[in-house]
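In what follows, a structure is listed as structure tokens, so that the remarks can point back to it.
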Amino acid sequence: LAQKYGPIFTLYVGQKPIIFVQGFSLVKEVLLMKGREFAGRPENPIAKAMNKQKGIITVPYGQAWKEQRRFSQMSLKKFGVGKKLVEETILEEATYLLQTFEENMNVPFDAFGFLESAVANVISTILLGKHFKYGDNAFRHMIELIHESSSALTGPWAQLYNAVPFVRMLPLPHRNLFKIANKLFGFFSKEIEEHRTTFVPGDHRDVIDAFLEEMQKVPNF
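Heads up: the sequence shown is residues 4 to 224, going by this note's numbering.
Laid out in structure tokens, this is it:
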């Protein structure tokens, strides 16, 4: 297409125009020399509807995005991401994982479920300050919901939702995504409410505590 239309051309996916840039010099100009002008993200209607326009993944580039990104980076570093502290969390989880393997050595088992639980627990320790047992039903259900939502977000019904606006009001399979999102929000809302009841300003146990205090300092954060 670049040979026919030139190094900059547009394709439409439904009603959405997508601009393609080819060549090192043009890509460098877009991403580096004019990075601020092109810092925004393409709108993803279904992800936007699921997240209720919150977070840093789907919100447009701007002051709110900058503040959320700054806080997220600062909080993750505080709890060890990119530092030796997170290595200790990973090693502790690895010890628990090996122990689980040893406990199941006498019977056939699928290692993938244990491995993804270990990864999820490292993230949970940083975000929620909580370690779940691998067999915890709520924990396993949350992981399954994340798998379902990730798969559905890139599936044909989500793509149709994004490309054809009138489809969004129809009772089609894309609505299952919103049900999954509500269940995930319910899980995390419960964790947040538990944190609120035991929250002590200045004493941050995890990222949620840090976020709760930031919300008190900055209105509409």
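Think of the CB as a built atom: it goes at the ideal place given N, C-alpha and C, for glycine as much as any other residue.
Predicted model, so just to flag it, every value in this text is computed and none were measured.
Residue i versus residue j: straight-line alpha-carbon distance, rounded
i      : j      : result
Ser120 : Arg171 : 34 Å
Gly189 : Glu46  : 25 Å
Gln66  : Ala161 : 28 Å
Asp209 : Ile129 : 6 Å
Gly158 : Arg178 : 13 Å
Leu100 : Arg39  : 44 Å
Three-state class that DSSP yields for residue i in the structure shown
i      : result
Leu148 : helix
Tyr137 : coil
Leu14  : strand
Asp113 : coil
Ile21  : strand
Sequence-distant residues of the same chain with beta carbon closer than 6 Å to residue i, five excluded per side
i      : result
Glu194 : Leu131
Phe3   : Any answer about residue 3 is impossible in this case: the structure gives the chain only from 4 up to 224.
Leu14  : Ile21
Integer Cβ distance of residue i from residue j, believed to fall under 8 Å
i     : j      : result
Lys80 : Lys86  : 7 Å
Ala50 : Leu156 : 6 Å
Check whether residue i and residue j have beta carbons under 7 Å apart
i      : j      : result
Leu187 : Leu148 : yes
Ile183 : Glu151 : yes
Pro48  : Asn185 : no
Ala213 : Ser78  : yes
Sequence-distant residues of its chain with Cβ nearer than 8 Å to residue i (five each side left out)
i      : result
Ile146 : Glu119, Ser120 and Ala123
Gly17  : Asn165, Ala166 and Val167
Arg199 : Leu215
Cβ shell of residue i (< 7 Å), same chain only, five flanking positions each side left out
i      : result
Phe135 : Asn124, Ser127 and Phe142
Any non-hydrogen atom of the ligand NAP within 6 Å of residue i CB
i      : result
Glu105 : Only the bare structure without any ligand can be found here, which leaves the ligand NAP out of the picture.
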